[in-house]
Amino acid sequence: MHNTDERYMREAIKQAKKAYALNEVPIGCVIVHEDRIIARGYNKRNTIKSTLGHAEITAIKKAGKVIGDWRLEECTMYITLEPCPMCAGAIVQARIPKVVIGAMNPKAGCAGSVVNLLQMEGFNHRVDVTYDVLQEECSRMLQEFFRELRKVKSV
Ligand SMILES: [Zn+2]
17 MHNTDERYMR
27 EAIKQAKKAY
37 ALNEVPIGCV
47 IVHEDRIIAR
57 GYNKRNTIKS
67 TLGHAEITAI
77 KKAGKVIGDW
87 RLEECTMYIT
97 LEPCPMCAGA
107 IVQARIPKVV
117 IGAMNPKAGC
127 AGSVVNLLQM
137 EGFNHRVDVT
147 YDVLQEECSR
157 MLQEFFRELR
167 KVKSV
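And the structure:
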């Protein structure tokens, strides 16, 4: 793990906190190109009433505009939580070479938990994945969110 990874994961955490503030599951993402953040995203699924509101999809859309190409071949994505099947698919489709993950998602994660779509033998693109960067901070944020949610629901 590099300090650079932690630095950018902190930026992804900042994005996740924006989701938290909107009562959305706190998941955040940044995409880095040539040591510069070119796109940010946070989960806003409820706010925009779309399953496409995941942090990674938002960031991939923005990054494509900045780079001027759907291929994000020189980019690194930092995500606070292991991606779902949709986002893992988008990462492969965008040919992102490197993904850095904070916490794992045992029930839905597609970077090794349920399946590993990022590193399938049969696909023509495989992603270099770094796990557990600021894992505790990323998990704690999610745990707090769900704890608060349960409190609200039990009132
Ligand atoms: Zn997703």
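Just so you know, we're using the working numbering here: the sequence shown kicks off at 17 and counts up by one.
Even glycine gets a Cβ: it sits at the ideal position worked out from N, Cα and C.
For clarity, every value in this text was computed on a predicted model and none was experimentally measured.
Secondary structure note for Cys103: its alpha helix (DSSP H) is the uninterrupted segment 101-109.
In the structure shown, Arg142 adopts coil according to DSSP, grouped into three states.
Residue pairing by DSSP places Thr96 in no beta bridge whatsoever. Per DSSP, the continuous beta strand (DSSP E) segment holding Cys45 begins and ends at 44-49. With a cut-off of 6 Å, the C-beta of Cys45 is classified as distant from ligand 1, since no heavy atom of the ligand falls inside that distance.
The beta-bridge partner set that DSSP reports for Arg166 is empty. In this structure, Thr92 places its C-beta atom within 7 Å of the C-beta atom of Lys114. Going by C-alpha positions, Ala104 is about 34 Å away from Ser170.
With a cutoff of 6 Å, His70 counts as near ligand 1, since its C-beta is closer than that to a heavy atom of the ligand.
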